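Okay, so here's the structure we're looking at.
In the working numbering, the protein residues as written are 182 to 329.
Here it is as structure tokens:
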């Protein structure tokens, strides 16, 4: 019985290690003016295993989307994407002018010094998901993000 329990615990440990194991650095949200209904969230993600960011949630917004900003001819365009690959061991920057998170239909003004709850939904190669809960600080409109 003892040996079976140890085998079970070992298999559970290995199963939990197989999850994406995503770390988040330098997360922040841009403050808004009183009438704004949208803002961006930025951060650096790194996964120990190949994974994919498939959803972001926040109670501060009616809609939260993963976006990409890219040049189309002479125009910079932004659009929602279904997810963002997180290659094993590689830092993925969500930054202004690139991939980022958009908080739309904001429920209130976001002011410098506030914190906003956010949940990242990560899918691993086996299509299993895990969540990463964050409390993201709101930075000034003119905040300059750290360079990665």
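Ideal Cβ placement from N, Cα and C applies to all residues, glycine included. Predicted model only: the values in this text are computed from it and were never measured.
- Query: CB-CB under 8 Å to residue 294, same chain, minus the five flanking residues each way: which ones, in chain order?
  - Reply: 318 and 319
- Message: Tell me which residues share the same chain as residue 262 and place their Cβ nearer than 6 Å to its Cβ, disregarding the 5 neighbours each side in the sequence.
- Response: 247 and 249
- How would you label residue 386, buried or exposed, when you count the other beta carbons within 10 angstroms and need 16 or more for buried? Residue numbering for the chain in the displayed model covers 182 to 329; residue 386 lies beyond these limits and cannot be assessed.
- Item | residue 302 vs residue 296 beta-carbon contact at 8 Å | no
- Does the Cβ-Cβ distance between residue 269 and residue 231 come in under 8 Å? yes
- Message: Below 8 Å on the Cβ atoms is my contact criterion, and I expect residue 207 with residue 327 to pass it. Report the Cβ-Cβ distance as a whole number of Å.
- Response: 5 Å
- residue 314 - partner residues in DSSP beta bridges: 300
- So residue 291 packs on residue 204, CB below 8 Å; how close in whole Å? At roughly 24 Å, the Cβ-Cβ gap does not stay under 8 Å, so residue 291 and residue 204 are not in contact.
- Can you grab the Cα-Cα spacing for the pair residue 243 / residue 257, in whole Å? So the alpha carbons of these two residues sit roughly 25 Å apart.
- Query: Does DSSP classify residue 221 as helix, strand or coil?
  - Reply: Here residue 221 sits in strand by DSSP.
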